[in-house]
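Enquirer: For reference, the structure I am asking about is given below.
4 protein chains.
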Amino acid sequence: MSNATVPERLISAATELFAAKGFDRVAVQEVVDRAGVTKGAMYHYFGSKDDLLHEIYGSVLRMQTARLEEIAAGPEPITHRLHAAAADVIVTSIDNFDQAKVYFRSADHLAEDKRLAMRAERRTYHERFRALVEEGQAAGVFRTDIPADLTVHYYFGSVHHLGTWYSPEGPLAAKDIGRHYADLLLASLRL
Amino acid sequence: MSNATVPERLISAATELFAAKGFDRVAVQEVVDRAGVTKGAMYHYFGSKDDLLHEIYGSVLRMQTARLEEIAAGPEPITHRLHAAAADVIVTSIDNFDQAKVYFRSADHLAEDKRLAMRAERRTYHERFRALVEEGQAAGVFRTDIPADLTVHYYFGSVHHLGTWYSPEGPLAAKDIGRHYADLLLASLRL
Amino acid sequence: MSNATVPERLISAATELFAAKGFDRVAVQEVVDRAGVTKGAMYHYFGSKDDLLHEIYGSVLRMQTARLEEIAAGPEPITHRLHAAAADVIVTSIDNFDQAKVYFRSADHLAEDKRLAMRAERRTYHERFRALVEEGQAAGVFRTDIPADLTVHYYFGSVHHLGTWYSPEGPLAAKDIGRHYADLLLASLRL
Amino acid sequence: MSNATVPERLISAATELFAAKGFDRVAVQEVVDRAGVTKGAMYHYFGSKDDLLHEIYGSVLRMQTARLEEIAAGPEPITHRLHAAAADVIVTSIDNFDQAKVYFRSADHLAEDKRLAMRAERRTYHERFRALVEEGQAAGVFRTDIPADLTVHYYFGSVHHLGTWYSPEGPLAAKDIGRHYADLLLASLRL
DNA sequence: CATGAATGAGACTTCATTCAT
DNA sequence: CATGAATGAAGTCTCATTCAT
Numbered sequence: 001m002s003n004a005t006v007p008e009r010l011i012s013a014a015t016e017l018f019a020a021k022g023f024d025r026v027a028v029q030e031v032v033d034r035a036g037v038t039k040g041a042m043y044h045y046f047g048s049k050d051d052l053l054h055e056i057y058g059s060v061l062r063m064q065t066a067r068l069e070e071i072a073a074g075p076e077p078i079t080h081r082l083h084a085a086a087a088d089v090i091v092t093s094i095d096n097f098d099q100a101k102v103y104f105r106s107a108d109h110l111a112e113d114k115r116l117a118m119r120a121e122r123r124t125y126h127e128r129f130r131a132l133v134e135e136g137q138a139a140g141v142f143r144t145d146i147p148a149d150l151t152v153h154y155y156f157g158s159v160h161h162l163g164t165w166y167s168p169e170g171p172l173a174a175k176d177i178g179r180h181y182a183d184l185l186l187a188s189l190r191l
Numbered sequence: 001m002s003n004a005t006v007p008e009r010l011i012s013a014a015t016e017l018f019a020a021k022g023f024d025r026v027a028v029q030e031v032v033d034r035a036g037v038t039k040g041a042m043y044h045y046f047g048s049k050d051d052l053l054h055e056i057y058g059s060v061l062r063m064q065t066a067r068l069e070e071i072a073a074g075p076e077p078i079t080h081r082l083h084a085a086a087a088d089v090i091v092t093s094i095d096n097f098d099q100a101k102v103y104f105r106s107a108d109h110l111a112e113d114k115r116l117a118m119r120a121e122r123r124t125y126h127e128r129f130r131a132l133v134e135e136g137q138a139a140g141v142f143r144t145d146i147p148a149d150l151t152v153h154y155y156f157g158s159v160h161h162l163g164t165w166y167s168p169e170g171p172l173a174a175k176d177i178g179r180h181y182a183d184l185l186l187a188s189l190r191l
Numbered sequence: 001m002s003n004a005t006v007p008e009r010l011i012s013a014a015t016e017l018f019a020a021k022g023f024d025r026v027a028v029q030e031v032v033d034r035a036g037v038t039k040g041a042m043y044h045y046f047g048s049k050d051d052l053l054h055e056i057y058g059s060v061l062r063m064q065t066a067r068l069e070e071i072a073a074g075p076e077p078i079t080h081r082l083h084a085a086a087a088d089v090i091v092t093s094i095d096n097f098d099q100a101k102v103y104f105r106s107a108d109h110l111a112e113d114k115r116l117a118m119r120a121e122r123r124t125y126h127e128r129f130r131a132l133v134e135e136g137q138a139a140g141v142f143r144t145d146i147p148a149d150l151t152v153h154y155y156f157g158s159v160h161h162l163g164t165w166y167s168p169e170g171p172l173a174a175k176d177i178g179r180h181y182a183d184l185l186l187a188s189l190r191l
Numbered sequence: 001m002s003n004a005t006v007p008e009r010l011i012s013a014a015t016e017l018f019a020a021k022g023f024d025r026v027a028v029q030e031v032v033d034r035a036g037v038t039k040g041a042m043y044h045y046f047g048s049k050d051d052l053l054h055e056i057y058g059s060v061l062r063m064q065t066a067r068l069e070e071i072a073a074g075p076e077p078i079t080h081r082l083h084a085a086a087a088d089v090i091v092t093s094i095d096n097f098d099q100a101k102v103y104f105r106s107a108d109h110l111a112e113d114k115r116l117a118m119r120a121e122r123r124t125y126h127e128r129f130r131a132l133v134e135e136g137q138a139a140g141v142f143r144t145d146i147p148a149d150l151t152v153h154y155y156f157g158s159v160h161h162l163g164t165w166y167s168p169e170g171p172l173a174a175k176d177i178g179r180h181y182a183d184l185l186l187a188s189l190r191l
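Protein chains in written order, with the UniProt record's numbering: chain A, 1 to 191; chain B, 1 to 191; chain C, 1 to 191; chain D, 1 to 191.
Structural data, given as structure tokens:
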């Protein structure tokens, strides 16, 4: 841990603290103390406290977007692909739980310009996922009485909420939760 | 608005501001300015900024708990009662959107003692809802392969997430969203 | 001194310190220490350190503008009025020496918007003074081969420079310096 | 510019920046960025930020002192020599405008020891100029009712003030301003 | 010669809260 | 009841300078 580079240690410390207490409740001093450096060092690598958040924020989303793209582009039938995508986002959120918590909670703490950029990335993700739902609807395997857009919000609410209740000490493994959530989603969409 | 009592005006102002910017991003001065009173007045009626939050926080939850109790205790079949409960929490969250947003977002901003009290109330609500799911499982109308507890988290994620994407200007009315969400939940539980 | 109001004490302390060391070399902490209050008190009355400067800055200029207007509007012949105006600005600058020094030195330390406002006031003063020179030119008593505008810059350079060399311990009284400077100006303008 | 030596590029960058924003408003980082080198390089050649200022500061003054000596030592009559000296300081200040601005504005930003050294050089210059005025007084061609010392302050105020209002885009050339200023000075001294 | 990471002190500012009136 | 002046702690950020490489 101590042999990681300074910026890595800072990101790591910030991730843990932001996840635990929320961005606004964490002082820069706490971050640098935990990373074992001084404030000057932090401002050498990051322009601001916001930058630190931005860095963390983007990493999960980018990773999940990449995985979604890959899953969505697969050759399997749509039900299978949607199930895989739905389960995957759960598993990766739990595997990177601190990062995910920061991402889930801190949307509006970013400065104006970065917030817009982030919103765009988020929107892309949302739309890729929605396209899967619509594909199933077009294929005649998913219900069409509920707008796909709403279903996606519905499902991602469940995902984001993980940050509120999930604990690694709980009885269920990430894979199980992912499967259950995906099952619930697919069941609610079938005709 | 100006003919409301001072504490009412304060709660009202705080609700709007906390909903819009988050508890930590709102200064007491902003709240009193919007309420048209001075800081002294606020500290006359409320012990602290946290108190203000606590007041708002509790009100939605208490109201929703009461409604849930009533719906759950009704004579209708379980599928009907769960559907009604699921739809109702959506509708009341949207009807009291600012309060709900504050409630959804500000869980961890309460001081230790109040947080515990609040968690207990929340847990009660969660358990009452879970009891409905379990009732359906016991009655043989809901699937049992997914823990009821998980399903409740799943659904309340969707509810809490409303605060992130819902806008009154959108195409769907509160009632529609409530119905759709409840439909999705019931569909995912049916055998 | 200690029975002055807090804002007065702050302005007073700031004036002395800014005059002695320059705006950028004075910490807010020094100002409040000298005024015998805390930083919080300062920010209760003034929005920023810049505000403090702005307050000081404006006061001399406004006073001198008022006096210039009065002198310029008098019934005396133009040579007499220009002499009086030229001497007066020296005397009032010396009588309010700390304020004047702050004014002479700190033009570009103001924030953008305030700087523009101040520049406008300054310009007004400059132009009122120039009008006197032009009046004398039009009346045929002052030379016309040198642009009035340039002469005004020339003279106000001398005035501003007082802050650099003048000391109350010196041999000359404010009135003497005023008279000498005004004599030099008038002599340089006569035909 | 890029083929100048590193210390030259640093001095050049510092001059422009100090002139534009004032010594205290310029970060060492900005200077080295503009010079296209790193901070280490700067500290290799200069002991401190103050050193940079000192270097700039001295150069104008030394040059002007040399020129004054030469003009003053000439064979021309005193009125002619004073006029030439007065005009020359204007022209050289404008020709080296950034350096001059730094010199005019940054007197008190030097550290104690350097400030004293600088003051001595400045005093020498002042006294050499004053000697010219006194020479004219002794020769019976300049008025004696105004102390020569005061007249020198008077004139150098005008010179220093150039930094505040002069712009190369203006209608007057350096030579014109020099002539006008010298004319004004001589006119104010004649009997 | 030159780099650039890192320091550490100190800068300005914000803000929840208290208290005399 | 209500005011608003004042506090004091804490917050984010800047910057001249040093030093191992």
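Note that CB positions come from ideal geometry on N, CA and C, so glycine has one too.
#1: Pull out every residue of the segment 146-162 of chain C whose Cβ sits closer than 8 Å to any Cβ of chain D, in chain order.
#2: Skipping 5 residues on each side, what residues in its chain have a beta carbon closer than 8 Å to that of valine 28 of chain A?
#3: Report yes or no: do three or more beta-carbon pairs, one from the segment 131-142 of chain D and one from the segment 67-78 of chain D, lie closer than 8 Å?
#4: Check whether chain D comes within 7 Å of methionine 1 of chain C, counting only Cβ atoms and requiring the distance to be less than that.
#5: Just grab the DSSP bridge partners of arginine 115 of chain A for me.
#6: Taking a contact to mean a Cβ-Cβ separation below 7 Å, would you say valine 102 of chain B touches isoleucine 56 of chain B in this structure?
#7: Taking 7 Å as the threshold (C-beta atoms), are histidine 54 of chain A and lysine 114 of chain A in contact?
#8: For glycine 47 of chain A, tell me which candidate among A:Ala86, A:Ala35, A:Pro7 has the shortest Cα-Cα distance.
#9: Below 8 Å on the Cβ atoms is my contact criterion, and I expect serine 188 of chain A with leucine 184 of chain B to pass it. Report the Cβ-Cβ distance as a whole number of Å.
#10: CA-CA distance, serine 158 of chain A and glycine 178 of chain A?
#11: Would you grab the beta carbon distance between alanine 100 of chain A and glycine 58 of chain A for me? Rounded to a whole angstrom, and I think it's under 8 Å.
#12: In chain D, which residues lie with their C-beta within 7 Å of the C-beta of alanine 187 of chain C?
#13: For valine 37 of chain B, which of B:Val26, B:Ala13, B:Gly22 has the nearest alpha-carbon?
#14: I'd like to know if histidine 180 of chain B contacts chain A, where contact means its C-beta is closer than 7 Å to some C-beta of that chain.
#15: At which residues does the alpha helix (DSSP H) containing tyrosine 166 of chain C begin and terminate?
#16: Please report the residue range of the alpha helix (DSSP H) in which glycine 170 of chain A lies.
#17: DSSP three-state label for phenylalanine 142 of chain C, please.
#18: Can you name the residues of chain B whose CB is closer than 8 Å to the CB of isoleucine 177 of chain A?
#19: Give every residue of the same chain whose Cβ lies closer than 7 Å to the Cβ of alanine 139 of chain A, excluding the five residues on either side of it in the sequence, and list them in chain order.
#20: May I ask you to verify whether the segment 167-181 of chain C touches the segment 80-94 of chain C, counting CB pairs closer than 8 Å and requiring at least 3?
#21: Answer with yes or no whether the minimum CB distance from leucine 184 of chain D to chain C is below 7 Å.
#22: Within 10 Å of its beta-carbon, does leucine 191 of chain C have 16 or more other beta-carbons around it, so buried, or fewer, so exposed?
#23: Does aspartate 113 of chain B come within less than 7 Å of chain A when only Cβ atoms are used?
#24: Looking only at C-alpha atoms, which of A:Ile11, A:His126, A:Ala72, A:Ala120 sits nearest to aspartate 33 of chain A?
#25: Using the DSSP secondary-structure output, state which residues sit across from arginine 67 of chain B in a beta bridge.
#26: Going by Cα to Cα distance, which pick from D:Tyr155, D:Ala117, D:Pro171 is closest to proline 147 of chain C?
#27: Leaving out five residues on either side along the sequence, give the residues of the same chain with a beta carbon under 6 Å from the beta carbon of proline 168 of chain B.
#28: Select from the segment 99-112 of chain C all residues with a C-beta closer than 9 Å to any C-beta belonging to chain D, and list them in chain order.
#29: Among the candidates B:Thr5, B:His80, B:Phe23, whose CA atom is the shortest distance from the CA of alanine 111 of chain B?
#30: State the beta-bridge partners of arginine 190 of chain A as determined by DSSP.
#31: At a CB-CB cut-off below 7 Å, which residues of chain A make contact with glycine 22 of chain B?
#32: Mind listing which residues of the UniProt domain "HTH tetR-type" (4-64) of chain A have their C-beta closer than 8 Å to chain B's C-betas, in chain order?
#33: If glutamate 127 of chain C and leucine 61 of chain C are in contact, beta carbons under 8 Å, what's the gap, nearest whole angstrom?
#34: For the candidate residues A:Gln64, A:Leu82, A:Val31, A:His153, whose alpha-carbon lies nearest to that of glutamine 137 of chain A?
Expert: With the given structure in hand:
#1: Ile146, Pro147, Leu150, Thr151, His153, Tyr154, Tyr155, Phe156, Gly157, Ser158, Val159, His160, His161, Leu162
#2: Your numbering for residue 28 of chain A matches position 28 in the first sequence. Result list for valine 28 of chain A: Lys39, Met42, Lys49, in chain order.
#3: yes
#4: In the third sequence, the residue the question calls residue 1 of chain C occupies position 1. With a pLDDT of only 44 at methionine 1 of chain C, under 50, the local geometry of the prediction cannot be trusted, and the value read off the model is given with reservation. Judged by the 7 Å Cβ criterion, methionine 1 of chain C is not in contact with chain D.
#5: Counting from 1 along the first sequence, the entry for residue 115 of chain A is found at position 115. DSSP output for arginine 115 of chain A lists no bridge partner at all.
#6: Working through the second sequence from its first residue, we reach residue 102 of chain B at position 102. Working through the second sequence from its first residue, we reach residue 56 of chain B at position 56. Yes; because the gap between Cβ atoms is below 7 Å, this pair is in contact.
#7: For the purposes of this step, residue 114 of chain A is identified with residue 114 of the first sequence, where counting begins at 1. For the purposes of this step, residue 54 of chain A is identified with residue 54 of the first sequence, where counting begins at 1. Going by C-beta atoms, lysine 114 of chain A is nearer than 7 Å to histidine 54 of chain A.
#8: Against the first sequence, residue 47 of chain A aligns to sequence position 47. Comparing alpha-carbon positions, the option among A:Ala86, A:Ala35, A:Pro7 lying closest to glycine 47 of chain A turns out to be A:Pro7.
#9: Locating residue 188 of chain A in the first sequence gives position 188, where the first residue counts as 1. Locating residue 184 of chain B in the second sequence gives position 184, where the first residue counts as 1. Sure, about 4 Å apart at Cβ, within 8 Å.
#10: The sequence position of residue 158 of chain A within the first sequence is 158, counting from 1. The sequence position of residue 178 of chain A within the first sequence is 178, counting from 1. For serine 158 of chain A and glycine 178 of chain A, the distance between alpha carbons rounds to 11 Å.
#11: Looking up residue 100 of chain A in the first sequence gives position 100. Looking up residue 58 of chain A in the first sequence gives position 58. Wrong, their Cβ atoms sit about 13 Å apart, outside the cutoff.
#12: On the third sequence, residue 187 of chain C is found 187 positions in, with the first residue counted as 1. What alanine 187 of chain C touches in chain D: Ala187, Ser188.
#13: Residue numbering aside, residue 37 of chain B sits at position 37 when the second sequence is read from its first letter. Here the closest residue by C-alpha is B:Ala13.
#14: As a position in the second sequence, residue 180 of chain B is number 180, starting the count at 1. So yes, histidine 180 of chain B belongs to the interface.
#15: Position 166 of the third sequence, counting from 1, holds the residue named residue 166 of chain C. No alpha helix (DSSP H) contains tyrosine 166 of chain C, which DSSP labels as neither H nor E.
#16: Your numbering for residue 170 of chain A matches position 170 in the first sequence. No alpha helix (DSSP H) holds glycine 170 of chain A; DSSP gives it neither H nor E.
#17: For this step, residue 142 of chain C is matched to residue 142 along the third sequence. Strand, per DSSP.
#18: On the first sequence, residue 177 of chain A is found 177 positions in, with the first residue counted as 1. The answer, in chain order, is Leu150.
#19: The sequence position of residue 139 of chain A within the first sequence is 139, counting from 1. Answer for alanine 139 of chain A: Ile78, listed in chain order.
#20: yes
#21: Position 184 of the fourth sequence holds residue 184 of chain D. So, interface residue.
#22: Position 191 of the third sequence, counted from the start, is the residue given in the question as residue 191 of chain C. Exposed, because fewer than 16 other Cβ atoms sit within 10 Å of the Cβ of leucine 191 of chain C.
#23: Taking the first residue of the second sequence as position 1, residue 113 of chain B is located at position 113. With 7 Å as the cut-off, aspartate 113 of chain B does not count as an interface residue toward chain A.
#24: For the purposes of this step, residue 33 of chain A is identified with residue 33 of the first sequence, where counting begins at 1. Among A:Ile11, A:His126, A:Ala72, A:Ala120, the Cα nearest to that of aspartate 33 of chain A is on A:Ile11.
#25: As a position in the second sequence, residue 67 of chain B is number 67, starting the count at 1. BP columns for arginine 67 of chain B are empty, so no partner.
#26: What you label residue 147 of chain C is simply residue 147 of the third sequence in a count that begins at 1. Closest by alpha carbon: D:Pro171.
#27: For the purposes of this step, residue 168 of chain B is taken as the residue at position 168 of the second sequence. For proline 168 of chain B, where only same-chain residues beyond five positions count, there are no Cβ hits under 6 Å.
#28: Among the residues of the segment 99-112 of chain C, those with a Cβ less than 9 Å away from any Cβ of chain D are Arg105, Ala107, Asp108, His109, in the order of the chain.
#29: Indexing the second sequence from 1 puts residue 111 of chain B at position 111. Answer by Cα proximity: B:Phe23.
#30: Working through the first sequence from its first residue, we reach residue 190 of chain A at position 190. Its beta-bridge partners are A:Phe142.
#31: Taking the second sequence and counting its residues from 1, the one referred to as residue 22 of chain B is at position 22. The contacting residues are Asp108.
#32: Lys21, Gly22, Asp24, Arg25
#33: Against the third sequence, residue 127 of chain C aligns to sequence position 127. Against the third sequence, residue 61 of chain C aligns to sequence position 61. Distance from glutamate 127 of chain C to leucine 61 of chain C at the Cβ level is roughly 13 Å; contact not present, criterion being Cβ atoms closer than 8 Å.
#34: Counting from one through the first sequence, the residue named residue 137 of chain A turns up at place 137. The shortest Cα separation from glutamine 137 of chain A among A:Gln64, A:Leu82, A:Val31, A:His153 belongs to A:Leu82.
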